[in-house]
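Chain order of the listed sequences is A and B.
Last residue of the first sequence: number 656 in the numbering used here, and the count goes up by one each step with no gaps.
Last residue of the second sequence: number 656 in the numbering used here, and the count goes up by one each step with no gaps.
What follows is a set of notes on a single structure, which appears directly below.
There are 2 protein chains.
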Amino acid sequence: MTVETHTAQFESISLENGTSLSSVLVAYQTYGELNAAKSNAILILHAFSGDAHAAGISHETGKPGWWDNMIGPGKAFDTEKYFMICSNVLGGCQGTTGPSSINSETGCPYAMSFPVITMGDMVRVQTKLIDFLGIERLLAVAGGSMGGMQALEWAVTYPDRVAAAVPIATTARHTPQQIAFNEVGRQAIMADPDWNDGNYYSSRPPNRGLAIARMVGHITYMSDESMREKFGRRLREKEKFGFDFSVDFEVESYLRYRGSQFVSRFDANSYLYITKAEDYFDLTNGTGSLASAFSKAKARFLVISFSSDWLYPSYQSQEIVRVLRRSNHDVAYCELPSNYGHDAFLVDVAEQSEVVRGFLASTYKERA
Amino acid sequence: MTVETHTAQFESISLENGTSLSSVLVAYQTYGELNAAKSNAILILHAFSGDAHAAGISHETGKPGWWDNMIGPGKAFDTEKYFMICSNVLGGCQGTTGPSSINSETGCPYAMSFPVITMGDMVRVQTKLIDFLGIERLLAVAGGSMGGMQALEWAVTYPDRVAAAVPIATTARHTPQQIAFNEVGRQAIMADPDWNDGNYYSSRPPNRGLAIARMVGHITYMSDESMREKFGRRLREKEKFGFDFSVDFEVESYLRYRGSQFVSRFDANSYLYITKAEDYFDLTNGTGSLASAFSKAKARFLVISFSSDWLYPSYQSQEIVRVLRRSNHDVAYCELPSNYGHDAFLVDVAEQSEVVRGFLASTYKERA
């Protein structure tokens, strides 16, 4: 199926920091049909570097969506049954307003004058989009990694608007290690002279710093095992060790390639704002008590983690599950075996599909 | 005890890449007394960013050595019994010849004209130092991380010159993940315009890139648990989230501090050369067979790993131990419980001390 990106515009969005943002654009795609009762809508929430193009073949680029293996006719998120929505997050750079957008008051890109945003702000913008689409209550919200944080935020902040939440490979708050990896990426961008305090939109962007940041990210997305299977110690286009500083190992050329690819599609300032929103995210709001955070939640939960994911390890999902169980919430949990590390929710989807499929079917039957 | 750094000079060192290096200086320290039989000498091998100052209080800086908790009177490496030696590695920047040294043929720093060196080259230089000190056979070689690689290299390449080897928190060859972390550090340095193809010795050094590299390193040295214990999600000098890009979390200020400290004591080109030597290191010499690598080894082995070390995970030590056991080498192995991650061999030394103490005593009794 060929899909197009649509854009909704909102006059004003109030933000958690007390200010507001005007003329907010939100890029989104939909797949499938909304039923007459408007009871079959599912909002897909993308990870850090994702976008609105979750499924189908893009009319603009000819490329499949980032979760096309999960969303489509007969797939886990079955577009013959459900109406699927995915939007680019606030602060992003793929059609939704972010630091690279033009500030209508100045006629220039926001750059670092863009307000610091939170996961709550991203979700508030999503509620506006759902309003705009005429949907009162979502059948489900679902996403991996940062998308999972948003699924949790939805369930806690808008308990009457979501029947089910599927947080995958995620956490209720970042650990120091998770903050540290993000911080290294931010420092790499800000250390690049081309960053120029964020004012690079009419000059050379900080591509070197952004590529370094992405390389660090890619290491954390893969597992020790999956890297070994994919690369081993294989050498790149050399018969033997060249003893020099050109690319020796396949893993090096892979990282450099992924770094250089990323800069052509992602904005460095968006990297700063979105990673900061991840680090600020704390479902307990600084209290440390997940139980009180979940006290108002009404959704059913399906929590999924992956055995080899060391960026968002299973214990973080299990912490969420324990608290939900203790307070008699409806929660299912699966730790799925996979060697793919954090990337598993994107690439190793056979079991994930079956688990999600069954969960959605029972939710639709019970709650819709 | 106050200690001084000495320097030995060697006319020429032949290198694995077929070239040779002239006028090589080696910085070293010694602790304790060599006995008349010259049978009590132990060579300590430092990790990536270490130096010759392993123990005692430096006459030059007033600071304790990097393994002062392990080396000294009555300690694991008991200087009342043993004669301890530690030297800065070839390619280093703490007194031993490296890329920041003056090339006597040109009168300028080598910079990137320094030959690419290997772990074998580093160890060959150490054999020259041992010759110079009049020692035929070492009682032991010992070190953690990159120092452990050198201990393995000693045992395999100079089987008649070492009675015992103590490789700690190390590996027989880098995995793609270990190469990848090193590669990110190298790319961060080389992406810094101040790196200037390595020619920065008369201008501003690439401190931003080097600091980023070090930040990545520090994350890998600690464990998820130890970071959580040390930092939690504590905020830095702010009552609440400031929603801005200044330092928010203590882990961020820690990493920035460690990054900025590192640049004052370490040379960026040394970072490139030494990490590359780590990545090239492969005890199997590309054959993948550890058994044939160890076939000539005669030393006793004590292999140590730490439960929370995810940079050099225990399975890498266990692989070494399995092969040594299968071929009837004398090998002892301990996986020590610790929350400190890779840093454990430097900071969590109570059990490590007892294990090393006993191993050295029995080696001294049997072999010296």
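Here a beta-carbon is modelled for each residue, glycine too, at the ideal position from N, C-alpha and C.
The model shown is predicted, which means the values in this text are computed figures rather than measured ones.
- Runs of the beta strand (DSSP E) lying entirely within the region 432-472 of chain B and spanning at least 3 residues, in chain order: 452-456.
- Interface annotation, Phe469 (chain B): in contact with chain A, CB-CB separation under 8 Å.
- A Cβ-Cβ separation of about 6 Å places Ile373 (chain B) in contact with Ala329 (chain B) under the 8 Å criterion.
- Here Gln606 (chain A) carries a helix assignment [DSSP, helix/strand/coil].
- Against chain B, the beta carbon of Ile507 (chain A) has neighbours under 8 Å at Gln465, Ala468, Phe469 and Val472, listed in chain order.
- Annotated as distal: Gln317 (chain B) and His334 (chain B), with beta-carbon spacing of 8 Å or more.
- Between Val314 (chain B) and Thr384 (chain B) the beta-carbon gap is near 5 Å, inside 8 Å, which marks them as a contact.
- Not a single C-beta of chain A is nearer than 8 Å to the C-beta of Phe554 (chain B).
- Ser641 (chain A) sits away from Ala632 (chain A), with the two beta carbons spaced by 8 Å or more.
- Per DSSP, the beta bridge partners of Thr295 (chain B) are B:Ala315.
- Taking a C-beta cut-off of 8 Å against chain A, the contacting residues of the region 488-499 of chain B are Arg496, Gly497 and Ala499, listed in chain order.
- Counting along the chain, the unbroken alpha helix (DSSP H) around Met503 (chain B) starts and ends at Asn495 to Tyr509.
- For Arg614 (chain B), none of the residues of chain A pass the 7 Å Cβ criterion, the least Cβ distance being about 22 Å.
- Membership of Leu333 (chain A) in the beta strand (DSSP E) is indicated by the continuous run Ala329 to Leu333.
- For the set A:Val635, A:Glu321 and A:Ile592, the Cα lying nearest the Cα of Ile423 (chain A) is the one of A:Glu321.
- Around the beta carbon of Ala325 (chain B), fewer than 16 other beta carbons lie within 10 angstroms, which makes this residue exposed.
- Leu417 (chain B) is positioned such that its CB atom lies no closer than 8 Å to that of Ser388 (chain B).
- Secondary structure of Ile418 (chain A) (DSSP, three-state): helix.
- Of the residues assessed, Val413 (chain B) falls on the buried side of the cut-off, its CB having 16 or more other CB atoms within 10 angstroms.
- About 45 Å separates the CB atoms of Ser541 (chain A) and Phe582 (chain A); that is not less than 8 Å, and the two are not in contact.
- For Ile373 (chain B), the beta-bridge partners assigned by DSSP are B:Thr318 and B:Leu331.
- For Asp570 (chain A), the three-state secondary structure derived from DSSP is strand.
- Proximity of the region 592-608 of chain A to the region 394-403 of chain A falls short of the contact definition, fewer than three beta-carbon pairs being nearer than 8 Å.
- Met437 (chain B) is positioned such that its CB atom lies closer than 8 Å to that of Phe569 (chain B).
- For Phe589 (chain A), the enclosing beta strand (DSSP E) stretches over residues Arg588 to Phe594.
- Asp409 (chain A) is a Cβ neighbour of Leu303 (chain A), given a cutoff of 8 Å.
- Fewer than three pairs of CB atoms, one per stretch, sit closer than 8 Å, so the region 464-483 of chain B makes no contact with the region 532-551 of chain B.
- At least 8 Å separates the beta-carbon of Met289 (chain A) from that of Ile332 (chain A).
- Straight-line spacing of the CA atoms in Tyr628 (chain B) and Ser491 (chain A) works out to 44 Å.
- Phe519 (chain A) and Met510 (chain A) have their alpha carbons spaced roughly 12 Å apart.
- For the 8 Å CB-CB criterion, Phe469 (chain B) and Thr415 (chain B) do not form a contact.
- For Leu599 (chain A), the three-state secondary structure derived from DSSP is coil.
- Residue state for Val429 (chain A) is assigned as strand, using DSSP reduced to three classes.
- In this structure, the alpha-carbon of Arg645 (chain B) lies about 37 Å from that of Ala499 (chain B).
- Close CB contacts of Glu607 (chain A) within its chain, under the 6 Å cut and outside five residues either way in sequence, are absent.
- In the three-state reduction of the DSSP assignment, Glu393 (chain A) falls in the coil class.
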